[in-house]
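Below is one structure, written out as structure tokens, with a few remarks after it.
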Amino acid sequence: MAALAALAATPAFANHPGENLDARMMEMEDYFQRIDEPSAPAFELQDAQGKLVRLSDYNDKIVVLYFIYAGCNDVCPLHSQKISEIQSAINEGPMKDMVQFIAITTDPANDTSEILQAYPEVHGLDTQNWVFLTTAAGQSEDATRRLAREYGLEFTMTEDTDMMMHAAVTHVIDIGGRFAGKFHGMNFKNVNLVLYVSELINNAQHRQRERGWFDWLTGAFR
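Just so we're on the same page, my numbering is the position in the sequence shown counted from 1, plus 76.
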């Protein structure tokens, strides 16, 4: 809780930037990219237990999404470590119930359900609001790599190894499914992603309050 209190007191966001959130974040974080598309690429995949999971299942939450594969010994474990640190900060307070972390494997042929189940404990991830997804029954082996491409990422097999060349990108999807932004690479500041998520939640709550006031007014004058 102390960590979140410190984040909330950060001067740059003290006045809640609201509609100017993306502009403020671009000033603060060199590795942030504004997307602001009405919706992120949809998917229907399955978790380690075989349960179908859709992106739309989390329309009432902020989604922090990234693509990795368990056999990667380069950037993927570092990416998951960074996500673990961000998740720990978010989960210290009430934002925990408003944020869902999703990892998607791009190597479903090798990332078995046993591997998916073991992954979070090894990398310090909290499965209360983190899930590792793979292809569902009947989907092609490259389905998640094609999905990654829809998000702007390429996972390319190297000729002499079983490894895939790829970048690390953390995607942030707003409440309601709007594709809000991306944090590129591993050098962005964790605090900036936490602040961005916090302000997206503040903006959503503000819109809800405004809508409630509007509904009350229109009802009063009918």
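We treat Cβ as the ideally placed atom computed from N, Cα and C, and that holds for glycine.
My output table needs one value for residue i: the three-state DSSP class, helix, strand or coil.
i: HIS155; result: helix
i: ALA179; result: strand
i: GLU113; result: strand
According to DSSP, residue i sits in a beta bridge with which residue or residues?
i: ALA118; result: Paired residue(s): none; ALA118 is not in a bridge.
i: MET233; result: MET240
i: ARG130; result: GLU120
i: LEU141; result: ILE178, HIS247
i: LEU209; result: ILE180
Tell me which residues share the same chain as residue i and place their Cβ nearer than 7 Å to its Cβ, disregarding the 5 neighbours each side in the sequence.
i: MET233; result: MET240
i: ASP202; result: GLN163, ASN167
i: VAL41; result: The question about residue 41 has no answer, for the chain in this structure spans 77 to 298.
i: CYS152; result: ILE144, TYR145
i: PRO114; result: ARG254
i: MET102; result: PHE108, ARG110
i: TYR134; result: GLN176
Determine the closest residue to residue i out of the options, with distance taken between C-alpha atoms.
i: LEU304; options: VAL270, ASP202, THR182; result: Nothing about residue 304 can be reported from this structure: the residues present for the chain run from 77 to 298 only.
i: GLY200; options: ARG283, GLU161, ASP106; result: GLU161
i: LEU192; options: GLY126, VAL270, ARG283, MET101; result: GLY126
i: PHE119; options: ALA244, THR220, ILE138, GLU275; result: THR220
i: GLY169; options: TYR195, ILE277, LEU128; result: ILE277
i: GLU226; options: LYS172, HIS247, GLN215, VAL129; result: HIS247
Give me, in chain order, the residues of the same chain whose beta-carbon lies closer than 8 Å to that of residue i; leave out the 5 immediate sequence neighbours on both sides.
i: GLU217; result: PRO184, ALA185, THR211
i: PHE290; result: A caution first: PHE290 carries a pLDDT of 46, below 50, which makes its placement in the model too unreliable to give a value.
By Cβ distance below 6 Å, which residues in the same chain neighbour residue i in space, the five residues on each side in sequence not counted?
i: LEU131; result: ALA118, PHE119
Quick one: which unbroken beta strand (DSSP E) runs of 3-plus residues sit fully inside the region 249 to 287? Chain order, please.
Taking only runs of at least 3 residues, the beta strand (DSSP E) segments lying wholly in the region 249 to 287 are 255 to 260.
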